[in-house]
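Counting from 6, one number per residue, gives the positions in the sequence shown under the numbering used here.
Glycine residues also receive a C-beta, built at the ideal position from the N, C-alpha and C atoms.
Let me begin by presenting the structure, written as structure tokens, before commenting on it.
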Amino acid sequence: MERPLLVYTTFPDAASALGIGEALVRERLIACINVLPGMRSVYSWKGAVEHGEEVAAILKSRTGLADALSVALKARHPYDTPIILHLPVAGADADTAAWILAETGLGGAVSAADRGA
Numbered sequence: 006m007e008r009p010l011l012v013y014t015t016f017p018d019a020a021s022a023l024g025i026g027e028a029l030v031r032e033r034l035i036a037c038i039n040v041l042p043g044m045r046s047v048y049s050w051k052g053a054v055e056h057g058e059e060v061a062a063i064l065k066s067r068t069g070l071a072d073a074l075s076v077a078l079k080a081r082h083p084y085d086t087p088i089i090l091h092l093p094v095a096g097a098d099a100d101t102a103a104w105i106l107a108e109t110g111l112g113g114a115v116s117a118a119d120r121g122a
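Right under this line is the structure:
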């Protein structure tokens, strides 16, 4: 069975993060999005050092949706080159893993091996 996957990305504001997150939940590409406002960023972009205010977002999904999720996120994202980092999950509480898998289209029990225990 598949493992949970966390995806880290950033958005210019909470409204865009929540709107895109809701669309991805409705499409069952993610089970949840956590939006963390108030982040300040310093980054290099096209040869210049930039400063900005953003929100961080953590999306909860599963490994089998990684590519489809990236495509859907890029298609909706307001940034030209959004940060999309797949963070594999080494282990998860069985109930948490089962919820993520169920909400993204895979129901059923999750074994200890599947959840990394």
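Taking the continuous beta strand (DSSP E) assigned at residue i, which residues delimit it?
i      : result
Arg-45 : 37-50
Leu-10 : 9-16
Residues in the same chain with beta-carbon distance under 6 Å from residue i, minus the five sequence neighbours each way, listed in chain order, please.
i      : result
Ala-22 : Phe-16, Val-40, Val-60 and Ala-62
Taking just the CA atoms, how far does residue j sit from residue i?
i       : j       : result
Leu-11  : Leu-64  : 6 Å
Leu-78  : Ile-105 : 18 Å
Ser-46  : Arg-81  : 21 Å
Ala-73  : Leu-34  : 8 Å
Asp-100 : Gly-52  : 46 Å
Start and end of the alpha helix (DSSP H) containing residue i?
i      : result
Leu-34 : No alpha helix (DSSP H) holds Leu-34; DSSP gives it neither H nor E.
For residue i, which residues in the same chain have their Cβ closer than 8 Å to its Cβ, ignoring the five residues on either side in sequence?
i       : result
Arg-162 : Coverage of the chain is limited to positions 6 through 122, which leaves residue 162 absent and any answer about it impossible.
Pro-83  : Phe-16, Pro-17 and Ser-21
Only counting the same chain, and skipping five residues up and downstream in sequence, which positions put a Cβ closer than 7 Å to that of residue i?
i      : result
Tyr-48 : Glu-55
Ala-71 : Leu-10 and His-91
Item to check | Whole runs of the beta strand (DSSP E) within the region 56-104, excluding any shorter than 3 residues | outcome: 90-93, all fully within the region 56-104.
Checklist entry - Per the contact definition of three or more C-beta pairs closer than 8 Å, is the region 91-103 in contact with the region 44-57? => result Output reads no: the region 91-103 does not touch the region 44-57.
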